[in-house]
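Accompanying notes for the structure given below.
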Amino acid sequence: MIVSSSVMLPAGPAEAVLNSPNAAIARSVDAALRRAIPAFNPEVKKIQRSLEEVQYLLRIPQRKPWASMAESVAEALDVSQRREVMLAGLSAAAVPTAEPLLDSLSTSLRKLELAVKTQQPDGVALRVSDALRAVAELELLQAPGLPFLIPKEYASLPRLVGRAVVELTLEKKDGSLGFLDPAAGGPAKRATLRLTLDGYSAPLSAGAFVRNVQAGLYNGRPINANYTSVLVTAPEGRQQPPVPLEIMPLGEFEPLYRLPLDVQSGELPVLPLSISGALTFARLPATESYLSGTDWFVYKFDKQQAGLGGLAFDEGQFGVFGYVTEGLETVLPRLGPGDVIVEAKVVSGGDKLVQP
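The numbering of the sequence shown is this note's numbering, which starts it at 4 and goes up by one.
See below:
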């Protein structure tokens, strides 16, 4: 399904089989956001790769390669014990925050080592996720800003030089108790979605979105929800200029602008559309080079509707700038046409918005 800034239109027929299912593309929100963090400390990134290898090997359905997993865990443990190396690149102010993360990582790796040794798949899955979460938090502390320059032609546009989190407070269109209270478990009038925006891969798109939220463009706006997406538009007369299509390809060090990726030839994005909860601006009529700078949508990726490679047919055609990171399974499915965003606010990372 192709989402336009004004209407939702069905996609045209697929022209070819998409990429291999074994492609090194992120398949979860956590993985996509983790891989988008610039590698300022190669040793920490080495641990990340070892742990992701364990995750990959764990998915093998029958005879799992426990010896290979044990080797990867041992490599990660070895690197993690060199604390001075792990803390390299951190400012003095960040070290007190990083120290407990290293302790947590070490504990998770020891538990992971035991789970692999005793061949417990569920335990391995849990412990490797805990370890990767600590790695990602440490990498964010070590990433001071963008590792590339914004092209001169876009120098006047706002940009997000890091991560930000936006919180959406939502109500049903009739004011009914249509949501679940996550604490009490009963019905609730309001619900919250949290969106994590990634300026490392999409600084201009994420920057435009944060600017719009801070300007209150989405407060009180009704949503247009269907089985594939949730579309949000700004009030008439408050449209912002278009943003260039902005995609960070896998293996590259800066985003590609105004050009879609050729997924069929193996070009893949760091932030895939093929993950439920992906955030992107809506398509504009008659151009593939720019997207709306105001109207945006949440993509509800359905693996049953994907190509043979497990990717959306529109992969590489939209510039993803973040994901729904809270409320994806509990709130998003309950949203219907006409439900309202009571308030959209930036809860962290607002200081990383640069407006020239």
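For each residue, glycine too, the CB sits at the ideal point set by N, CA and C. As the structure is a computational prediction, the values presented were derived from the model and not from experiment.
Taking C-alpha atoms, which residue in the options lies nearest to residue i?
i           : options            : result
residue 1   : 213, 326, 222, 220 : No answer is possible for residue 1: it lies beyond the span of the chain, which begins at 4 and ends at 359.
residue 252 : 156, 71, 204, 267  : 204
residue 180 : 186, 188, 322, 192 : 192
residue 50  : 62, 80, 28, 197    : 80
residue 3   : 182, 28, 277       : In this structure the chain extends from 4 to 359, so residue 3 is not present and cannot be described.
residue 83  : 67, 98, 127, 48    : 48
residue 269 : 244, 283, 281, 254 : 254
residue 358 : 98, 264, 208, 27   : 208
residue 318 : 312, 266, 298      : 266
residue 138 : 282, 297, 176, 33  : 33
residue 274 : 132, 291, 250, 261 : 250
residue 184 : 69, 195, 316       : 195
residue 227 : 175, 353, 75, 257  : 175
residue 75  : 281, 64, 60        : 60
residue 161 : 135, 225, 296, 261 : 296
residue 178 : 99, 225, 283       : 225
residue 46  : 104, 91, 73        : 91
residue 197 : 62, 329, 342       : 329
Helix, strand or coil: how does DSSP classify residue i here?
i           : result
residue 25  : Caution is warranted here: a pLDDT of 38 is assigned to residue 25, below 50, making its placement in the model unreliable, and the coordinate value is therefore given only provisionally. It is coil, neither helix nor strand.
residue 103 : helix
residue 56  : helix
residue 325 : strand
residue 93  : coil
residue 236 : coil
residue 338 : coil
residue 47  : helix
residue 277 : coil
residue 290 : coil
residue 346 : strand
residue 81  : helix
residue 197 : strand
residue 354 : helix
residue 86  : helix
residue 283 : strand
Mind reading off the beta-carbon distance from residue i to residue j? Whole number of angstroms is fine, and I expect it under 8 Å.
i           : j           : result
residue 67  : residue 150 : About 36 Å separates the two Cβ atoms, so there is no contact after all.
residue 294 : residue 246 : 6 Å
residue 314 : residue 277 : 4 Å
residue 163 : residue 355 : 6 Å
residue 43  : residue 146 : 5 Å
May I ask you to verify whether the region 298 to 307 touches the region 229 to 247, counting CB pairs closer than 8 Å and requiring at least 3? yes
When the Cβ atoms of the region 165 to 172 are set against those of the region 107 to 126, are three or more pairs found closer than 8 Å? no
Count Cβ pairs between the region 336 to 351 and the region 208 to 224 that sit closer than 8 Å; are there 3 or more? yes
Quick check on the DSSP output: what are the complete beta strand (DSSP E) runs of length 3 or more inside the region 116 to 191, in order along the chain? 166 to 174
Is the region 85 to 100 touching the region 55 to 66 in the sense that three or more CB pairs, one from each, lie closer than 8 Å? no
When you compare the region 332 to 339 with the region 142 to 150, are there three or more beta-carbon pairs, one atom per stretch, that lie closer than 8 Å? no
Flag this pair as touching only if the region 316 to 326 and the region 194 to 204 have three or more C-beta atom pairs under 8 Å; answer yes or no. yes
Using 8 Å as the cut-off, can you tell me whether the region 32 to 41 makes contact with the region 283 to 292, which would need three or more C-beta pairs spanning the two stretches below that distance? no
Only counting runs of 3 or more residues, tell me where the beta strand (DSSP E) segments fall wholly within the region 205 to 264, in order along the chain. 224 to 228, 232 to 235
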